[in-house]
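Down below is the structure, laid out as structure tokens.
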Amino acid sequence: RKEVEQDPGPFNVPEGATVAFNCTYSNSASQSFFWYRQDCRKEPKLLMSVYSSGNEDGRFTAQLNRASQYISLLIRDSKLSDSATYLCVVNRNNDMRFGAGTRLTVKP
Amino acid sequence: EAQVTQNPRYLITVTGKKLTVTCSQNMNHEYMSWYRQDPGLGLRQIYYSMNVEVTDKGDVPEGYKVSRKEKRNFPLILESPSPNQTSLYFCASKTAKNIQYFGAGTRLSVL
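Order-wise, the sequence lines are chains A and B. Counting the first sequence from 1 gives a position; our numbering is that position plus 708. Counting the second sequence from 1 gives a position; our numbering is that position plus 24.
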């Protein structure tokens with residue numbers, strides 16, 4: 709079993725839709741959590757950190773459920789520019805583990 | 025501009041010909057690492073370095089070497105490349121709050 713698992717997708721949604729991704733992790737001692745965005749053939753870039761209380765950044769909302777060991781990302785009012793692969797990242801003692809990514813395509 | 029710079033961006037080589045991919049960061053980060061990314065497998069860590077002269081193996085270190093003689097530089101060395109090392113490679117440096125900054129990537133093909 710992989711340490712960090714994501715549904716690879718692809719998720720194909722129309723502009724304006726709300727879409728949610730989940731990610732599960734296996735190590736209960738994991739300490740910090742992140743969502744990164746990766747455009748095709750480019751480097752991953754931080755989208756947002758994920759806090760226990762949940763956090764929001766504009767159209768993006770991240771949630772953490774430690775009891776069930778999953779994190780989620782909600783994107784509201786999807787834009788064409790949101791098309792990318794979203795990587796779930798889990799950290800424990802400087803050991804960063806990446807999910808394989810969920811691919812999102814937003815269509816006109 | 026804060027950045028991680030890796031070179032070359034693209035490289036085609038032949039089996040057994042030693043190569044080095046350079047990585048440099050200008051953010052004074054102590055922690056640096058190398059990843060490879062393969063379809064369906066996500067990013068897997070090759071080596072990491074917590075500070076100058078300190079390096080440790082990641083998940084897939086076989087066939088790779090690294091060095092950290094200075095804080096800003098963390099080169100990746102393939103002494104004898106093989107076709108299974110064909111991949112997309114990323115160098116990264118990390119803040120104390122575990123935010124990683126990645127280089128633009130090096131696409132390596134070993135024939």
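Here a beta-carbon is modelled for each residue, glycine too, at the ideal position from N, C-alpha and C.
Chain-ordered neighbours of residue i on chain B, where CB pairs are closer than 7 angstroms
i                 : result
Asn799 of chain A : Asn122
Phe806 of chain A : Gly66, Leu67
Gly809 of chain A : Gly66
Rounded separation between residue i and residue j - CA only
i                 : j                 : result
Tyr778 of chain A : Pro752 of chain A : 21 angstroms
Asn108 of chain B : Asp715 of chain A : 26 angstroms
Glu103 of chain B : Val90 of chain B  : 11 angstroms
Gln49 of chain B  : Gly129 of chain B : 14 angstroms
Ser761 of chain A : Gly87 of chain B  : 42 angstroms
Lys710 of chain A : Arg749 of chain A : 23 angstroms
Phe742 of chain A : Tyr759 of chain A : 9 angstroms
His53 of chain B  : Glu25 of chain B  : 14 angstroms
Pro63 of chain B  : Phe806 of chain A : 13 angstroms
Ile101 of chain B : Val134 of chain B : 14 angstroms
Neighbourhood of residue i by C-beta, 7 angstroms cutoff - its chain only, sequence neighbours within 5 removed
i                 : result
Tyr744 of chain A : Pro752, Lys753, Leu754, Leu755, Leu795, Val797
Ala725 of chain A : Ser786
Arg800 of chain A : Asn735, Ala737, Ser738, Gln739
Thr793 of chain A : Gln746, Gly809, Thr810, Arg811
Neighbour-count burial assignment, residue i, 16 or more Cβ in a 10 Å radius
i                 : result
Val814 of chain A : buried
Lys118 of chain B : buried
Gly40 of chain B  : exposed
Ile36 of chain B  : exposed
Asp765 of chain A : exposed
Proximal residues of chain A, C-beta to C-beta of residue i below 8 angstroms
i                 : result
Ala128 of chain B : Lys750, Glu751
Chain-ordered neighbours of residue i on chain A, where CB pairs are closer than 7 angstroms
i                : result
Tyr55 of chain B : Asn802
Interface residues of chain A facing residue i [CB-CB closer than 9 angstroms]
i                 : result
Phe114 of chain B : Glu751, Pro752
Per-residue contacts from residue i into chain B (C-beta, under 9 angstroms)
i                 : result
Ser740 of chain A : Lys121, Asn122
Sequence-distant residues of its chain with Cβ nearer than 8 angstroms to residue i (five each side left out)
i                 : result
Met804 of chain A : Val797, Val798
Asp80 of chain B  : Tyr71, Tyr72, Ser73, Met74
Pro85 of chain B  : Ile70, Tyr71
Contact check, residue i vs residue j, beta carbons under 8 angstroms
i                : j                : result
Phe98 of chain B : Met56 of chain B : yes
Val78 of chain B : Arg96 of chain B : no
Thr46 of chain B : Gln30 of chain B : yes
Residue-level contact to chain D via CB, residue i, 8 angstroms cutoff
i                 : result
Phe729 of chain A : Checking the listed chains, one finds no chain D in this structure; the protein chains it contains are A and B.
Sequence-distant residues of the same chain with beta carbon closer than 6 angstroms to residue i, five excluded per side
i                 : result
Gln124 of chain B : Ala116, Lys118
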